[in-house]
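Down below is the structure, laid out as structure tokens.
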Amino acid sequence: MGPSLIAHLILNWRTTCCFLFIICCYISSSYLLVYCIHHDEHFQIIEFANFKRGMISNNHLPWEFNAALRPSLQPAIAYAMLNVMQSLRLTDPFHQAFIFRVFSSLIFLYSSLRLYKTFSNEITSPFLQKVFFFLSFFFYMFPISGVRFSSENMSACSFVLGFTIIFPLLFATGPETLDKKKLILTGAIFGISFLFRYQSAILIGGLASWLMVYQYRRFSDWLVVFAGFLIVCLLGVVLDYWLYAKWVFSAYNYLNFNIIESGSAAFGISPWHFYITSIDLRKWMIPLNISLIMLVLLFLLVRPKHPVSWVFYPFLLVHSLIAHKETRFVYPILIYLPFIVTSSLQFLSDRFQHQRFRFRPLIGLLMIINSFAFVATTVSVGDNSTEIFKFIRKLPDKPIKVYYTNSFFFYTLNNGSKNITPHFYKDRHVIDMELVSMSIGKNVHNVLVHPDTLTYIVLDKNQQEEFGDSLKLVFDPQPELVRTLNYRNWMRQGPSLWKLYELKPAKSATKSLAVHHEKCRPRKPIKQLIL
Numbered sequence: 288m289g290p291s292l293i294a295h296l297i298l299n300w301r302t303t304c305c306f307l308f309i310i311c312c313y314i315s316s317s318y319l320l321v322y323c324i325h326h327d328e329h330f331q332i333i334e335f336a337n338f339k340r341g342m343i344s345n346n347h348l349p350w351e352f353n354a355a356l357r358p359s360l361q362p363a364i365a366y367a368m369l370n371v372m373q374s375l376r377l378t379d380p381f382h383q384a385f386i387f388r389v390f391s392s393l394i395f396l397y398s399s400l401r402l403y404k405t406f407s408n409e410i411t412s413p414f415l416q417k418v419f420f421f422l423s424f425f426f427y428m429f430p431i432s433g434v435r436f437s438s439e440n441m442s443a444c445s446f447v448l449g450f451t452i453i454f455p456l457l458f459a460t461g462p463e464t465l466d467k468k469k470l471i472l473t474g475a476i477f478g479i480s481f482l483f484r485y486q487s488a489i490l491i492g493g494l495a496s497w498l499m500v501y502q503y504r505r506f507s508d509w510l511v512v513f514a515g516f517l518i519v520c521l522l523g524v525v526l527d528y529w530l531y532a533k534w535v536f537s538a539y540n541y542l543n544f545n546i547i548e549s550g551s552a553a554f555g556i557s558p559w560h561f562y563i564t565s566i567d568l569r570k571w572m573i574p575l576n577i578s579l580i581m582l583v584l585l586f587l588l589v590r591p592k593h594p595v596s597w598v599f600y601p602f603l604l605v606h607s608l609i610a611h612k613e614t615r616f617v618y619p620i621l622i623y624l625p626f627i628v629t630s631s632l633q634f635l636s637d638r639f640q641h642q643r644f645r646f647r648p649l650i651g652l653l654m655i656i657n658s659f660a661f662v663a664t665t666v667s668v669g670d671n672s673t674e675i676f677k678f679i680r681k682l683p684d685k686p687i688k689v690y691y692t693n694s695f696f697f698y699t700l701n702n703g704s705k706n707i708t709p710h711f712y713k714d715r716h717v718i719d720m721e722l723v724s725m726s727i728g729k730n731v732h733n734v735l736v737h738p739d740t741l742t743y744i745v746l747d748k749n750q751q752e753e754f755g756d757s758l759k760l761v762f763d764p765q766p767e768l769v770r771t772l773n774y775r776n777w778m779r780q781g782p783s784l785w786k787l788y789e790l791k792p793a794k795s796a797t798k799s800l801a802v803h804h805e806k807c808r809p810r811k812p813i814k815q816l817i818l
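Under the working numbering, the first residue of the sequence shown is numbered 288, with each subsequent residue one higher.
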């Protein structure tokens, strides 16, 4: 066995260990990040699949179902996966949701790897190549966006796969013709991206514009790509019929409602600078995110003709002009940030060659900050209210009463008669929920509890400190490891720090709480911090 072979084996061993570590990180994140960024991620995918499996009626679905304006591809995938899991006797909904997140994580990691391999040759500095590799998997926002079984994540990954197929063809094939099979495959993958999330049309349009401007001589080849795209879109119409039981073109319905009729504005209007002001500029995140902003702007100035520029910036611009904004809307372009950042650093390194070694300590510091932020986003949960069913599903068949102090649990605990609720996680238990004043204080002991009713109250972090010690704790959704790591709440966990306490019948209960019934406004989605 020669020295070169030994070196090759050592290199492969290190690479294998590196990727195993990356996969373990994302599987851990898939296990811990039980929340959904927005309710659409659950109700318009999982519950749609639940409906097709005959588990619920269409009366329990959101209004978008009757309007037939949501894509049908992802509910179809969820439907197939749930049936496979059912056949394997994996019936626990929490295990099923975990498998969905692992599935999404692996697709995201594969997409990130392909994007790294596609553009790594543009980074000439060995040091910056390592930075590029590190950020491709450990950029601190990726646990939030990359492990979700959401349309944003699946659409972004699909587009990246198509992008990384067609981009090398432009330089690896002769000028006369391109591989038609790969062109059709690319168009089909772009079509899949579109069927995951219709906003990916902006990404596709940006890349198509770049191809027409800089590769216009191959117009006939781009028609082949369009043919593949069109075939998949026609299959999407068939899937729409499967989901909605009628012939519809949900993409048009979506465009008509949100753009032509401006229906999305009814859910809130934000200024054009919403995505800029949503960037976390608090304490130790200031140097990292300020640097990211400057490097993103620099890439636009020095690489305006790069295809990534034609994909990234138009997508951000269009979403900045749309009235209704949510930070999750721009998650599909986060995957390009590692290349944008590293390419800008490469430009600075080439421009200031004599001082480039002075950049390394600064880059190292930013990587350390990013690493801490990555850990925080890997183990930090947001809306984990559905975790309460892990406890409820184990209770005996008795009436259950749950008091809660804010609208965090509105969708989770309501009975579904008037509002949507996550039936996917529920079982035979019937829950009566009531909203109580947030300033209940010592009056919590005066709640009238029926002896035959299992009665509980959900308390947030401040209420736990105020009077939680006087009650019996029965369920804490936060893993012990996360609680240990989150020293003095440096991970900035908020609503997820709730705990469930049991209420016992009082010996003399003459005073009752002023209880507000279920007439409360549904809470808005938790604001995620981008960049």
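Even glycine gets a Cβ: it sits at the ideal position worked out from N, Cα and C.
Cα-Cα separation, LYS713 to ARG680: Locating residue 713 in the sequence shown gives position 426, counting from the first residue. Locating residue 680 in the sequence shown gives position 393, counting from the first residue. Whole-angstrom Cα-Cα distance: 8 Å.
Continuous alpha helix (DSSP H) assignments of at least 4 residues falling wholly in the region 345 to 384: 350 to 354 and 360 to 374
Nearest neighbour of TYR690, chosen from LEU415, VAL745 and LYS705 [CA to CA]: Mapped onto the sequence shown, residue 690 falls at position 403. Checking every option, the nearest Cα to that of TYR690 belongs to VAL745.
Anticipated Cβ contact below 8 Å, THR692 with VAL723, distance rounded: Mapped onto the sequence shown, residue 692 falls at position 405. Mapped onto the sequence shown, residue 723 falls at position 436. Their Cβ separation, rounded to whole angstroms, is 6 Å, which keeps THR692 and VAL723 in contact under 8 Å.
Neighbourhood of ILE633 by C-beta, 7 Å cutoff - its chain only, sequence neighbours within 5 removed: Sequence index remark: in the sequence shown, residue 633 carries index 346 (1-based). It is worth fixing the name first, because residue 633 is Gln in this sequence and not Ile. Answer for GLN633: ILE410, THR411, SER412 and LEU415, listed in chain order.
Test: LEU517 CB closer than 8 Å to a CB of chain C: Although the question refers to chain C, the structure presented lacks it and comprises just one protein chain.
8 Å contact criterion, which ILE452 and LYS469 should meet: CB distance rounded: Stepping through the sequence shown from its first residue, residue 452 is reached at position 165. Stepping through the sequence shown from its first residue, residue 469 is reached at position 182. Indeed they touch by this definition, with Cβ atoms about 6 Å apart.
Reduced DSSP secondary structure (H/G/I, E/B, other) of PHE762: Sequence index remark: in the sequence shown, residue 762 carries index 475 (1-based). Reduced to three states, the DSSP call for PHE762 is strand.
Proximal residues to LEU582 (C-beta, below 8 Å), its chain only, five neighbours per side dropped: Here residue 582 refers to the residue found at position 295 when the sequence shown is read from its first residue. Excluding positions up to five away in sequence, the list reads ILE627, VAL628, SER631 and LEU632.
Cα-Cα separation, ILE476 to ASN702: Along the sequence shown, read from residue 1 onward, the residue named residue 476 stands at position 189. Along the sequence shown, read from residue 1 onward, the residue named residue 702 stands at position 415. So the alpha carbons of these two residues sit roughly 40 Å apart.
For ILE479, the three-state DSSP class (helix, strand or coil): Taking the first residue of the sequence shown as position 1, residue 479 is located at position 192. DSSP places ILE479 in helix when its eight states are reduced to three.
Beta strand (DSSP E) segment containing ASP719, residue limits: In the sequence shown, residue 719 corresponds to position 432, counting from 1. Taken as a continuous stretch (DSSP letters only), the beta strand (DSSP E) holding ASP719 covers 718 to 723.
With 16 other Cβ atoms within 10 Å as the buried cut-off, status of LEU768: For the purposes of this step, residue 768 is taken as residue 481 along the sequence shown, with counting starting at 1. Exposed is the call here.
Per-residue DSSP class, three states only, for THR614: The sequence position of residue 614 within the sequence shown is 327, counting from 1. Of the three classes helix, strand and coil, the one that applies to THR614 here is helix, per DSSP.
Opening and closing residue of the beta strand (DSSP E) in which THR742 lies: Residue mapping note: residue 742 aligns to position 455 of the sequence shown, counting from 1. Segment 741 to 746, the beta strand (DSSP E) holding THR742.
TRP300 - DSSP class collapsed to helix/strand/coil: The count along the sequence shown starts at 1 and reaches residue 300 at position 13. TRP300: helix per DSSP, three-state reduction.
Other residues of its chain near SER783: CB distance less than 8 Å, five sequence neighbours each side excluded: Here residue 783 is taken as the residue at index 496 of the sequence shown, counted from 1. TYR322, SER667, VAL668, GLY669, ASP670, ASN671, PRO764 and GLN765.
Segment contact flag, the region 517 to 534 with the region 565 to 580, C-beta cutoff 8 Å, min 3 pairs: no
For LEU465 and ASN773, the rounded distance between their alpha carbons: In the sequence shown, counting from the first residue as 1, residue 773 sits at position 486. In the sequence shown, counting from the first residue as 1, residue 465 sits at position 178. Approximately 53 Å between the Cα atoms of the pair.
For PRO558 and SER549, the rounded distance between their alpha carbons: For this step, residue 549 is matched to residue 262 along the sequence shown. For this step, residue 558 is matched to residue 271 along the sequence shown. Taking the straight line from one Cα to the other gives about 15 Å.
N- and C-terminal bounds of the beta strand (DSSP E) containing TYR788: Reading the sequence shown from its first residue, position 501 is the one you call residue 788. Unbroken beta strand (DSSP E) run through TYR788: 786 to 790.
Counterpart residues of ILE687 in DSSP-defined beta bridges: Position 400 of the sequence shown, counted from the first residue, corresponds to residue 687. Paired residues: ILE718 and LEU741.
Exposure of GLU334, with buried meaning 16 or more beta-carbon neighbours within 10 Å: For the purposes of this step, residue 334 is taken as the residue at position 47 of the sequence shown. Counting Cβ neighbours within 10 Å, GLU334 comes out buried, since at least 16 surround it.
Sequence-distant residues of the same chain with beta carbon closer than 7 Å to PHE420, five excluded per side: As a working note, residue 420 is residue 133 in the sequence shown. Result list for PHE420: TYR403, in chain order.
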